[in-house]
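*Asks:* Sharing a structure here in structure tokens format.
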Amino acid sequence: MPVKKNAISSAHPWNVSPAEVRDIQNRLRHRVVLSDRFETVRYVGGADVGFEDKTRITRAAVVVLTFPELALHEYRIIRQATTFPYVPGLLSFREAPALLAALDALEQLPDLLLCDGQGIAHPRRFGIASHIGVLTGIPAIGVAKTRLVGEHPPIPLEKGRHVPLTHHGETIGAVLRTRTGVKPLFISTGHNIGLESAVAYVMACVTKYRLPETTRQAHRLASG
DNA sequence: GCGACAG
DNA sequence: ATCTTGTCGC
0 MPVKKNAISS AHPWNVSPAE VRDIQNRLRH RVVLSDRFET VRYVGGADVG
50 FEDKTRITRA AVVVLTFPEL ALHEYRIIRQ ATTFPYVPGL LSFREAPALL
100 AALDALEQLP DLLLCDGQGI AHPRRFGIAS HIGVLTGIPA IGVAKTRLVG
150 EHPPIPLEKG RHVPLTHHGE TIGAVLRTRT GVKPLFISTG HNIGLESAVA
200 YVMACVTKYR LPETTRQAHR LASG
């Protein structure tokens, strides 16, 4: 029997060139919602991507954990040919297709999704977390390990402390210390969630490591 | 023209 | 991201 095709990827073209993708981002950026649009969170998801065969194969992993226990409930791994190069600012066109396919295969969609990468802390305010959030409607948070754009003051060393990340005079995210004395994480709204809530949920998903359990587990599966 | 630059 | 060993520090 034919495999059911991903409803989202079939409705949105991914076979585009680096020249026309910025227009797509500028067209979709206006759909991003910066406030909480969800109720009780029972399942939190984590999404990450890894590569095989010298980046020829994209390996996307999505995990669903119970919240607030953070126990693994379900996970999905999708492998497919890589079709887009890595270009700063265009990450979603390289990684989102496989991630959407993995999300589409889930039995239980998460109430909140933590994505590896930026949300609106992006040149055109449309990083991968926003892209996935807008296309799926799932509240999403951008959790990046390093900065793409923006400036910020020094961050206090204590766990939980955070400072605003600004760009062109506007707050686009927060630089969060998830563990005392450890390199901070760059948090930003992806879609359907406010920044303060995003920071709180990320901290609620952190146990004893710098990265939240969602991203840690997704990363573990995306690597092999 | 010279740097910066998610994963 | 991926290719890779040892090493510094709590």
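Everything in the first sequence is counted per numbering that gives the first Met the number 0, starting at 0 for the first residue and increasing by one.
Where a beta carbon is used, it is the ideal one built from N, C-alpha and C, also for glycine.
Note down the Cα distance separating W13 from T39, rounded to an integer number of angstroms.
*Replies:* 33 Å
*Asks:* In terms of alpha-carbon separation, which member of Q24, R178, E106, R93 lies closest to P122?
*Replies:* Out of Q24, R178, E106, R93, Q24 has the C-alpha closest to the C-alpha of P122.
*Asks:* Tell me which residue opens and which closes the alpha helix (DSSP H) that T135 is part of.
*Replies:* Its alpha helix (DSSP H) spans residues 127-135.
*Asks:* Around the C-beta of R176, are 16 or more other C-beta atoms found within 10 angstroms, so that it is buried, or is it exposed?
*Replies:* buried
*Asks:* Give the straight-line distance between the Cα atoms of I137 and L111, rounded to the nearest whole angstrom.
*Replies:* Taking the straight line joining both Cα atoms gives about 6 Å.
*Asks:* Which residues does DSSP list as the beta-bridge partners of G141?
*Replies:* The partner list for G141 (beta bridge, DSSP) reads C114, S187.
*Asks:* Skipping 5 residues on each side, what residues in its chain have a beta carbon closer than 7 Å to that of P67?
*Replies:* A203
*Asks:* Can you check whether the CB of H130 is closer than 8 Å to the CB of A95?
*Replies:* yes
*Asks:* On the DSSP bridge assignment, give the partners of I50 in chain order.
*Replies:* Per the sequence shown, the amino acid found at residue 50 is Phe instead of Ile. Residue pairing by DSSP places F50 opposite T57 in a beta bridge.
*Asks:* Under the rule that 16 or more other beta-carbon atoms within 10 Å means buried, what is Q79, buried or exposed?
*Replies:* exposed
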